[in-house]
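Residues 520 to 709 in the working numbering are what the sequence shown spells out, letter by letter. Everything on this sheet refers to the single structure shown next.
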Amino acid sequence: MRRLLKVIVLVAGLQACTLTENSISAADTEALLPIAEFLIDDFYSFDSVRLEQALARAEDSKEPLLYYQGWAKGGNYEIVERKHCAVKSSNIVSCPIAVKDDPMLALAVDFFVTDTFEIAFEEGRVTSVETSSNDIPIYYQARDWVRSNMPELIAQPCEGFFAGGPTPGDCAQAMAEGYRRFAASDAYPR
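Okay, here's the thing in C-alpha cells:
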C-alpha cells in the first residue's frame, strides 16, 4: 500500500511539474500577443520610421514589410475588421486584418481583402514577419492585364515591385488606375 501511495505521489508530482512548465510556456507565449498588436499598430500608422524600429531584429523582413507599408499607404488601406492576434505556435503569432483599398475598389467588387501577418519571435522579440492575402482571382487577372496592356503606366512607379522599389505608394496608385481601366474594358468578366 505504501509503495502504491509513493507511486501516486510521484506521478502527481510529475504531472504538476508538467502543468507548471506548460503554464509558464503558455504565459510566455501569451505575452507575445501585445507585442504583435503593437507591430500591427506600427504598420497601419503608415510611419516607416516607427515600423523600422519595430523590426529592429527582423532584418530579412524590413525591406518587404516597409515596401508593403508604402503600398498600403498609397493604396489608401482602411481597416474594416481587425481581429485580435492569436498564438499559432510557441513562437508565432498570427494577425488577420481585413482592409478596404483602392486597388480592390477600382475593380468594383464587394470584397474586403484579409491580410494576415505571421510574426515570429525569439526571446520575446520580433525576428521575422511574413504576410499573405486572400486576394480573389479577379485581382490577379487585373494585375496581369495591366502589366500586359499598360506597361507604361506602371513601369516607373512600380520599379522594384515588392522588392524594395523606391515608390510603393505611387505603384499602388498606378495599379489602382490600371484596375479601373481593366474594369471598364471588354476584358473584364461580367
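Think of the CB as a built atom: it goes at the ideal place given N, C-alpha and C, for glycine as much as any other residue.
Nearest-angstrom Cβ-Cβ length linking Ala-703 and Ile-638, presumed shorter than 8 Å: So it is not a contact: roughly 39 Å between Cβ atoms.
Presumed contact (8 Å Cβ cut-off) between Ala-693 and Leu-672, rounded CB distance: Indeed they touch by this definition, with Cβ atoms about 5 Å apart.
Cβ-based neighbour list, Asp-561, same chain, cut-off 7 Å, excluding 5 preceding and 5 following: Excluding sequence positions up to five before and after Asp-561, its CB lies within less than 7 Å of the CB of Arg-569, Leu-570 and Ala-573, all in the same chain and listed in chain order.
Spatial distance of Ile-543 from Ala-695 (CA atoms): Legend: pLDDT at Ile-543 = 32, less than 50; position of this residue unreliable, no value from coordinates given.
N-terminal and C-terminal residue of the beta strand (DSSP E) that Val-599 is part of: Residues 597 to 601.
DSSP-derived helix/strand/coil call for Ala-702: In the three-state scheme derived from DSSP, where H, G and I count as helix and E and B as strand, Ala-702 is classed as helix.
Val-645 beta carbon less than 8 Å from that of Ala-550: In this structure, Ala-550 lies away from Val-645, with their beta-carbon atoms at least 8 Å apart.
Asp-629 to Gly-593 span [Cα, whole Å]: Distance between Asp-629 and Gly-593, taken at the CA atoms: about 20 Å.
contact_flag[the region 684 to 693, the region 588 to 603] where n(CB pairs < 8 Å) is 3 or more: In this structure the region 684 to 693 touches the region 588 to 603; the number of beta carbon pairs closer than 8 Å is three or more.
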